[in-house]
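See structure below.
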Amino acid sequence: MMEQVIQPWPWYVAGILIGLIVPALLILGNKTFGISSNLRHVCAACFPADIKFFKYDWKKEIWNFFFVGGIFAGAFIANYFLMTDAPIAVSPALQSELAGYGLSDYSYMLPKELFSFEALLTVRGFIIMVIGGFLVGFGTRYAGGCTSGHAIMGLSNLQWPSLVATICFMVGGFLMANIILPWILSL
Amino acid sequence: MNNEKVQNIDSNTACVNASAQQHPGWYNLKYTVVGIIFGIVFVKAEIISWFRIQEMFRLQSFHMYGVIGTAVVVGAISVFLIKKFNVKTIHGEKIVIADKEFNKGQVYGGLLFGLGWALTGACPGPLFAHIGAGFYAVLVVIASAVAGTWTYGYFRDKLPH
Chain A
4 MMEQVIQPWP WYVAGILIGL IVPALLILGN KTFGISSNLR HVCAACFPAD IKFFKYDWKK
64 EIWNFFFVGG IFAGAFIANY FLMTDAPIAV SPALQSELAG YGLSDYSYML PKELFSFEAL
124 LTVRGFIIMV IGGFLVGFGT RYAGGCTSGH AIMGLSNLQW PSLVATICFM VGGFLMANII
184 LPWILSL
Chain B
19 MNNEKVQNID SNTACVNASA QQHPGWYNLK YTVVGIIFGI VFVKAEIISW FRIQEMFRLQ
79 SFHMYGVIGT AVVVGAISVF LIKKFNVKTI HGEKIVIADK EFNKGQVYGG LLFGLGWALT
139 GACPGPLFAH IGAGFYAVLV VIASAVAGTW TYGYFRDKLP H
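Chains as they are written, first to last, in our numbering: chain A, 4 to 190; chain B, 19 to 179.
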């Protein structure tokens, strides 16, 4: 049993557990699954700056901060107690592509050559961490949700605007990964 | 876009399910428990991995499609059952899920988020999980995401919706 727990979990185990978050939050307190709203609540709580979009009672949404606090704790538990030291298995096709950009560190789930405080001083590291983060924050709020709010919660509730959003997420991702990112990685 | 419609989206994106019931603050710990399970799954199924997201967008692996696809099926069956049997919350309240209203933001914002998703290899949930897993450089990505959200709020009235 423990042997299986410390190995990487298959997609169907993860998919079932994530799918069950939807009814869990609804039944525990009528809450809809959605993570990116927390970024808005942070703005509302810390930097409202008299902007209408951030003037609401964020304390009513405090449950979502408790939820995110759980994500921190869960990731900590998994990373420190439920992992092997084995490097992450990556498809050979991706490995050979990344090798062309000098990326070969598979010791963590992110390539350390791109995600570190030192990498911030490189052009590609800055684009990926700072511009990438900005696009995630700007885009999710503009779209009214992220993978959890639209792709999982919205599609579970058969909302066609969420299908539109999910398709656009994928189109943007395919465009970046296949056309723009190779150019950025070669900088 | 007229002001009334902006207001409408406002009410759709914050406090949609604000419950009328009042509970002590520690009641919120039940959401922490759900979050802990979510955080463990994020790490154990490698959903927070930049490499898995790159494989997804290059069609080099089925993994992420399997995760998201299964989650949607399980979520959809759950929502269907909750509606069909009129399931109540543990505090006896009626479960209400607000409809999503279409606006052009889902297209423009969706495309922009997609670009950011493939760059950072993370949607907002995994960003938080990286910090818990001890990868502190991702704090920069989160700070930038908060700045992006703030910038959207600042220019919101001028953007097409």
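A virtual CB, placed ideally from N, CA and C, is assigned to each residue, including glycine. The model shown is predicted, which means the values in this text are computed figures rather than measured ones.
Chain-order list of residues whose beta-carbon lies under 6 Å from that of residue i (same chain, five-residue window excluded)
| i | result |
| --- | --- |
| F56 of chain B | none |
| M19 of chain B | Only weak support exists for where M19 of chain B lies, its pLDDT of 42 falling under 50; the coordinates are left without a value. |
| A136 of chain B | F75 |
| M179 of chain A | none |
| G43 of chain B | none |
Closest residue to residue i among the options (Cα-Cα distance)
| i | options | result |
| --- | --- | --- |
| C141 of chain B | A:I19, A:N41, A:N33, A:L23 | A:N41 |
| P90 of chain A | A:F57, A:D108, A:N82 | A:D108 |
| K122 of chain B | A:D60, A:A48, A:W14, A:T143 | A:T143 |
| K62 of chain A | B:T50, B:T107, B:N46, B:A155 | B:N46 |
| I170 of chain A | A:T150, A:M5, A:A122 | A:T150 |
| F120 of chain B | A:P164, A:S110, A:L190 | A:P164 |
| S79 of chain B | A:M5, A:W14, A:N82, A:S39 | A:W14 |
| I65 of chain B | B:Q40, B:A151, B:H41 | B:A151 |
| A48 of chain A | B:T167, B:L177, B:V114 | B:T167 |
| L129 of chain B | A:L161, A:V16, A:F141, A:N82 | A:F141 |
| S94 of chain A | B:T169, B:H81, B:F131 | B:H81 |
| E100 of chain A | B:F69, B:V125, B:E111 | B:F69 |
| F50 of chain A | B:V164, B:R174, B:D175, B:F173 | B:V164 |
| S96 of chain B | A:F36, A:G157, A:G22 | A:G22 |
| G132 of chain B | A:F69, A:V139, A:D88 | A:V139 |
| Q188 of chain B | B:Y126, B:L145, B:S162, B:K112 | Residue 188 of chain B lies beyond the residue range present for chain B, which begins at 19 and ends at 179; the question has no answer from this structure. |
| M173 of chain A | B:V59, B:G143, B:I86 | B:I86 |
Where the alpha helix (DSSP H) through residue i begins and ends
| i | result |
| --- | --- |
| W12 of chain A | No alpha helix (DSSP H) holds W12 of chain A; DSSP gives it neither H nor E. |
| K48 of chain B | 47-62 |
| A72 of chain B | Looking at the sequence shown, residue 72 of chain B is not Ala but Gln. Per DSSP, Q72 of chain B belongs to the alpha helix (DSSP H) from 68-75. |
| H153 of chain A | Neither: H153 of chain A is in no alpha helix (DSSP H) and is coded neither H nor E. |
| H148 of chain B | 142-150 |
| Y59 of chain A | Counting along the chain, Y59 of chain A falls outside any alpha helix (DSSP H), and DSSP gives it neither H nor E. |
| G171 of chain B | 156-173 |
| H44 of chain A | 40-49 |
| W138 of chain B | The question names Trp, but residue 138 of chain B is Thr in the sequence shown. Where T138 of chain B is concerned, the enclosing alpha helix (DSSP H) stretches over 123-138. |
| F79 of chain A | 65-84 |
| F153 of chain B | Looking at the DSSP string, F153 of chain B is not in any alpha helix (DSSP H), and its letter there is neither H nor E. |
Under the three-state DSSP convention, the category residue i falls into
| i | result |
| --- | --- |
| G18 of chain A | helix |
| K102 of chain B | helix |
| K112 of chain B | strand |
| E3 of chain A | The displayed coordinates of chain A run from 4 to 190. Any statement about residue 3 of chain A would go beyond what the structure contains. |
| V133 of chain A | helix |
| L190 of chain A | coil |
| C149 of chain A | coil |
| N20 of chain B | Residue placement at N20 of chain B cannot be trusted, given a pLDDT of 42 that sits under 50; what the coordinates show is reported in the next sentence. It is coil, neither helix nor strand. |
| K34 of chain A | coil |
| I183 of chain A | helix |
| V93 of chain A | coil |
| I170 of chain A | helix |
| L23 of chain A | helix |
| E6 of chain A | helix |
| A89 of chain B | helix |
| G84 of chain B | helix |
| T143 of chain A | helix |
| P164 of chain A | helix |
| K176 of chain B | helix |
Residues of its chain near residue i, where Cβ-Cβ distance is below 8 Å and the 5 sequence neighbours each way are ignored
| i | result |
| --- | --- |
| V8 of chain A | L85 |
| I183 of chain A | none |
| Y83 of chain B | M74 |
| F79 of chain A | none |
| W66 of chain A | G32, K34 |
| G18 of chain A | none |
| I149 of chain B | V156, L157, I160 |
| Y172 of chain B | none |
Cross-chain neighbours of residue i in chain C, by beta carbon under 9 Å
| i | result |
| --- | --- |
| G93 of chain B | In summary, chain C is missing from the structure at hand, where the protein chains are A and B. |
Own chain partners of residue i with C-beta closer than 7 Å, once the 5 adjacent residues on each side are dropped
| i | result |
| --- | --- |
| D60 of chain A | none |
Counting only Cβ-Cβ distances shorter than 9 Å, please list the residues of the region 155-178 of chain A near chain B, keeping chain order. I155, M156, G157, L158, S159, N160, L161, Q162, W163, P164, S165, V167, A168, T169, I170, C171, F172, M173, V174, G175, G176, F177, L178
Residues of the region 80-100 of chain A with a CB closer than 7 Å to any CB of chain B: list them in chain order, please. I80, A81, N82, L85, I91, V93, S94, A96, L97
Between the region 118-138 of chain B and chain A, which residues of the former have CB atoms less than 7 Å from a CB of the latter, in chain order? K118, E119, F120, G123, Q124, V125, Y126, G127, G128, L129, L130, F131, G132, L133, G134, W135, A136, L137, T138
According to a CB-to-CB cut-off of less than 8 Å, which residues of the region 128-153 of chain A neighbour chain B? I130, I131, M132, V133, I134, G135, G136, F137, L138, V139, G140, F141, G142, T143, R144, Y145, A146, G147, G148, C149, T150, S151, H153
Could you please tell me which residues of the region 18-37 of chain A, in chain order, have their CB closer than 7 Å to any CB of chain B? G18, I19, L20, I21, G22, L23, I24, V25, P26, A27, L28, L29, I30, L31, G32, N33, K34, T35
What residues in the region 40-64 of chain B bring their beta carbon closer than 9 Å to a beta carbon of chain A? H41, G43, Y45, N46, L47, K48, Y49, T50, V51, V52, G53, I54, I55, F56, G57, I58, V59, F60, V61, K62, A63, E64
Where the region 100-119 of chain A meets chain B: residues whose CB sits under 9 Å from a CB there: E100, L101, Y109, Y111, M112, L113, P114, K115, L117, F118, S119
Mind listing which residues of the region 145-156 of chain B have their C-beta closer than 9 Å to chain A's C-betas, in chain order? L145, F146, A147, H148, I149, G150, A151, G152, F153, Y154, A155, V156
Name, going along the chain, the residues of the region 63-75 of chain A whose beta-carbon falls closer than 7 Å to a beta-carbon of chain B. K63, E64, I65, W66, F69, F70, V71, G72, G73, I74, F75
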